[in-house]
Structure formats: structure tokens, C-alpha cells
Amino acid sequence: MLVQALIKPNTYFDSVSLMSLSTKANQIEEVEQAIIAMGTEMNKEVMKNVGLLTPEVEVAGASDLIIVVKAATDELCETAFGKINDLFTKKNSGKKGTNDIKYSTISSAAGSNPEANLAIIAVNGAYAAREAKKALENDLHVMMFSDNVSIEDEIELKRFAHEKGLFMMGPDCGTAIIGNTALCFANAVRKGTIGIVGASGTGSQEVSVRIHEFGFGISQLIGTGGRDLKEEVGGIMMLDGIQALEDDEETKVIVVISKPPAPSVEEKVLAKMETCKKPVVVWFVGGNEEKITAAGAHFAKMSKEAALKAVLLAGADESKLNKRALNIPLIEEVRTKLTPEQKYVRGLFSGGTLADEAMHAAMEKFDNVYSNIQRNPEYRLKDRYTSQEHTFIDFGDDEYTQGKPHPMIDPSTRLERFVQEAKDPSVGAIVMDFVIGYGAHEDPVGAFLPAIIEAKQQAEQEGRHLEIIGYVLGTELDPQDYQEQIDKLLAAGVTHASSMQNAGLLAREFVVKGE
1 MLVQALIKPN
11 TYFDSVSLMS
21 LSTKANQIEE
31 VEQAIIAMGT
41 EMNKEVMKNV
51 GLLTPEVEVA
61 GASDLIIVVK
71 AATDELCETA
81 FGKINDLFTK
91 KNSGKKGTND
101 IKYSTISSAA
111 GSNPEANLAI
121 IAVNGAYAAR
131 EAKKALENDL
141 HVMMFSDNVS
151 IEDEIELKRF
161 AHEKGLFMMG
171 PDCGTAIIGN
181 TALCFANAVR
191 KGTIGIVGAS
201 GTGSQEVSVR
211 IHEFGFGISQ
221 LIGTGGRDLK
231 EEVGGIMMLD
241 GIQALEDDEE
251 TKVIVVISKP
261 PAPSVEEKVL
271 AKMETCKKPV
281 VVWFVGGNEE
291 KITAAGAHFA
301 KMSKEAALKA
311 VLLAGADESK
321 LNKRALNIPL
331 IEEVRTKLTP
341 EQKYVRGLFS
351 GGTLADEAMH
361 AAMEKFDNVY
371 SNIQRNPEYR
381 LKDRYTSQEH
391 TFIDFGDDEY
401 TQGKPHPMID
411 PSTRLERFVQ
421 EAKDPSVGAI
431 VMDFVIGYGA
441 HEDPVGAFLP
451 AIIEAKQQAE
461 QEGRHLEIIG
471 YVLGTELDPQ
481 DYQEQIDKLL
491 AAGVTHASSM
501 QNAGLLAREF
511 VVKGE
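Note that the UniProt record's numbering has the sequence shown beginning at 1, numbered continuously upward.
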């Protein structure tokens, strides 16, 4: 195999676009492997680790676009470069309107569009803080999709935004719905009276689609970024978001979503809830019910419960809601199919909070639950490539995405791990999310189908049953066909869960022994 690189000096593309282009480049027939990225030191390190660092790449600058291709011959490399160039051409021309205008700076864009009030920042992390500061100085709210931004820059930006009365969503904020417009990774849900403030992208998506399923809708969904509730940041955006929803006339109920905050930040957030004039539902994954209820808020242990409590507070008739209870006969049936050796669950997730929710469900019954996102260092995976007993992996975590597209865009890394886990005779159940909606893969289930079918056939030939649980996070309004995704899972013999809450509980219960 040969590795060749093409360097385009001073050619910038945002990280979201490069994620999508890298995914498409790796689908080109001639390509063994391809990376399209800016020439930052972090991206070079990734290329070095996977054997794609060439002398040309080593000397490229951070503002240079790098295209690296691994193929069998020089001719195939050249063919691949030609097809990748076509991808860029299609990107620049295929979805543009005749009246679209490009701006080279945020200031010029803001000056030419005085009605605009929000900027989405999706540049390399080394430059993201600078661009966000410019947007705030131009009186624009900011949603920062970029990650790898220092916590010091985050604090400075959020304090500056707070002083100006602006939102500073992020860094690493992947989901928002503002004014009924879905931004970055989000789902198409109906407009309604329930507002969400979330330090978790997929957690916020999950609650929003459950609210939609229960027949209600979202007024605003405000993302904070995953570090907002850390001690150093102090929950600045979370507190501002709660206040904004309290002031919003369309919002009648507020839902707050996060992993457990730092203790001092939790105190500030709960104090805010004590004075809030609107009902607040709190889903802190693994959070403390006593503290939350003492603050006058409504505690939710899991995602569907959070959505259910929100719609009831918004006026839903509980007797008319389909709560989709767990299928107890199915649990008993699967248990009889698994051998005594099949004791473990493996969770392979594109969403961090979805992984966390399933992991916490398992932790209620098992004390040997490992993950790359475990807060207890004793149960953090020692080797991210090797599972231990019950293992739950967030493939969207930085250690898996450096220099690679997010797993909601490119399923390849998670797909490789699925094939590995399916061969393990100690595994009884594999649980996975399939996220659809804006920004997500056009057919996430379809990408897994051949591997799922082969894995189940191989397990059967070896005399064991492999239980696969799939959950499709989305709605019938999303760009992908929601029901078609479910039908594909069912046709492949996969157990479809109606919510992430149910998926985690089913996976846990399938492998419980002796009950």
C-alpha cells in the first residue's frame, strides 16, 4: 500500500464539513484509508498514529488543508484524489442558492446581516475562542461546536457573554433548537411549551424526542457545553439558560439535563431552581434525588421519566399516554437462550449521555461495570481497545474522535468494535444507539446491517444466541426515514427498544442470572 498526500496551502474548511468529507472519501472504492483535515499538530499526531504521516504533511501549516490517501498503487491514489476533488466541488456548488454570499470574517457577515443574532463556530479549536470573541463583540449569541478549547478561554468567553446578556453555548456544544430551528446535531420535533437546558447533546436530543412522542413540543433547547457545570466554569451558561427560559413567555415547564455537577455548582443551580417561578424537572445522570426535591424541583432518574414528568406538568392526561413498559415476557425468553457463560453486556454508543444512562442502569445490579467515561477511576477502561466484563463505550469521546469524524457521522470505528464484541463468547447482549436527525448519518442502521447479520449467523453456528438491542433516536419528522430504520433492525433480528431508558434496562435484565 502507498500513502500519498495533497496539501492545499491557506485553504480553510470547518470541522463539520471535513468530518462529512472524510466519511465520503473513505467510501471511495480505490481508497484503503483517507483523512481530510487541517494541518494542526493534533491532526498530524493522529495521522502519525495511523501510519499516514508523510514528509509533506509534517511541514504543512495549521491553515493548510491536508488530504492523505492510502491505496494500492500510484494510479489508484491519483484516481482517489480526483474523486475527492469532485466531493469538494459538489460541496461548493451542490447546495448553494444563486443569492448566497460568502464572508471572510464574522464582522463583515454581521455588518451585512443586521438581523442575524447568532453565530455557529465550527473551526479548529486553536482558533475557536478568537472567533467566538469576535461574534460576541458583534452582539451575536454563540453556539460553539468546536472542541479542544481551553477551559480558561471558555470561562473568559462565558463571563463576557454573561455581561453582555448573550448566550455562549459551548465549547463542544452539539445540540440546540432556537426559535424552532434545529442547530448542528438535533431532531425535528414539534414546537411547544417545554424548554430544555442541557449540558449533554444526545441527552437533550433523547428527552426532546420523548416529549415529542408523548404529543408535546419544545419551546427552546439551549445547550451549554459539557464542561459548564465543572467547578472552574461554575455553571454560567446553565444558570443563564434557566433564567432565559423562566423569562420566555412560551415556556411553561423547564427541563435541566446534565451529568452530576461539581458540588459547589450544583448548589448554585439548585438555589436558582428554588426561586424559579416555573416547574423544573431535573435529570442529573446518577444524581441525588433528595437534594433536587429539597430545592422544589422534580427529580427524574432516567431520560424517559424526565420527559414524562415534563409533559404531565405541561398538562398531559396520563391515562392517554403510551408509556411503553418493559417487555417482561421477552426478558424471560432471552434469558433462557443465553448460556451461563454469557454474562456480560457491551454497550457501543455514539452518544455520551446515552452511554452513561445505559451504564448507570447496569450499575444498579452489577458492580463490575467499566467504561471510558466512568467517573470512578477504578472502573475506567485500562485499554480503550479491550473490554472488561460489562463495558459501555462512548465513541463520541475525544479519545476516539481526534482527527476522525464523530460516530454519528461516520460509524466505522464503532462498527469495527461491534464485530470484535460479537465474537466474544462471554457476551450475552450488545446494545447500541442509532441517532438520526440533522447532521447525522443518512442511514446509520443500514451501515451496520451486514455486520449484524453476519454476527448473528456466526453466533448461531457456534451454538450460542447473541442478543442485540438497537435504539433509534429520532422522530417521524427527521430527514431520514425513522420507521424504515426500525424496520431494518427488526428484519435483521435485532430487538428494538422504544427509548434509551428501555434499551439500557433491557440489556441489563437480559444477562441477569438466577432471577
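Even glycine gets a Cβ: it sits at the ideal position worked out from N, Cα and C.
For R227, the three-state secondary structure derived from DSSP is coil.
Contact fails between the segment 258-277 and the segment 167-186, because fewer than three Cβ pairs, one in each stretch, are under 8 angstroms apart. Take the alpha-carbon of I121 and the one of M144: they are about 5 angstroms apart. When rounded, the separation of the alpha-carbon atoms in N85 and F392 is 38 angstroms.
When DSSP states are grouped into helix, strand and coil, G61 belongs to the coil group. Per DSSP, the continuous alpha helix (DSSP H) segment holding Q483 begins and ends at 482-491. By the Cβ rule, the segment 369-380 does not count as touching the segment 323-335, because fewer than three pairs are nearer than 8 angstroms. In the displayed model, H406 falls within coil according to three-state DSSP, outside both helix and strand. Bridge pairing for Y400: absent [DSSP].
Per DSSP, I452 is one residue of the alpha helix (DSSP H) stretching across 444-461.
Ranking G198, V281, G352 by CA distance to the CA of H406 puts G352 first. Note that the C-beta distance between G347 and M432 is below 9 angstroms. Here Q461 is exposed, its C-beta having fewer than 16 other C-beta atoms within 10 Å.
In the DSSP annotation of this structure, Q374 is not part of any beta strand (DSSP E), being labelled neither H nor E. With fewer than 16 neighbouring CB atoms inside 10 Å of its own CB, E318 falls in the exposed class. Looking at the DSSP output, K191 bridges to I218. When only Cα atoms are considered, A80 and Y385 end up about 30 angstroms apart. Using a C-beta cut-off of 8 angstroms, the segment 449-456 makes contact with the segment 465-485, since at least three inter-stretch Cβ pairs fall below that distance. The C-alpha of L157 lies about 21 angstroms from the C-alpha of S258.
Residue state for V419 is assigned as helix, using DSSP reduced to three classes. Following the DSSP letters along the chain, one finds E467 inside the beta strand (DSSP E) bounded by residues 467-473.
The beta carbon of E442 is closer than 7 angstroms to those of Q480 in its chain, skipping five residues each way along the sequence. Listed in chain order, the non-local C-beta contacts of L381 below 8 angstroms within the same chain comprise Y370, S371, N372, Q374, S387, Q388, T391, I393, local neighbours out to five positions each way being set aside. Scanning T40, M38, I236, T23 for the CA closest to the CA of E32 turns up T23. Three or more Cβ pairs closer than 8 angstroms define a contact, and the segment 205-218 falls short of that threshold against the segment 158-166.
The beta carbons of M38 and N124 sit about 5 angstroms from each other, so the pair counts as a contact at 8 angstroms.
Under DSSP, the beta-bridge partners assigned to R346 are T391, I430. In the three-state scheme derived from DSSP, where H, G and I count as helix and E and B as strand, F185 is classed as coil. One Cα belongs to V334, the other to I430, and the distance between them is close to 13 angstroms. Around the beta carbon of D172, 16 or more other beta carbons sit within 10 angstroms, so the residue counts as buried. Residue range 328-337 is occupied by the alpha helix (DSSP H) that includes I328. Of all alpha-carbon atoms in L229, K44, S303, V69, the one lying nearest the alpha-carbon of V269 is that of L229.
About 20 angstroms separates the CB atoms of A306 and V265; that is not less than 8 angstroms, and the two are not in contact. Shown here for A25: same chain residues with a beta carbon closer than 7 angstroms to its own, the five before and five after excluded, namely V31, A34, I36, I84, L87 in chain order. The Cβ neighbour count for R508, taken over all protein chains shown within 10 Å, is at least 16; the residue is labelled buried.
Residue nearest to A451 within the set I211, S412, Q485 is S412 (criterion: CA-CA distance).
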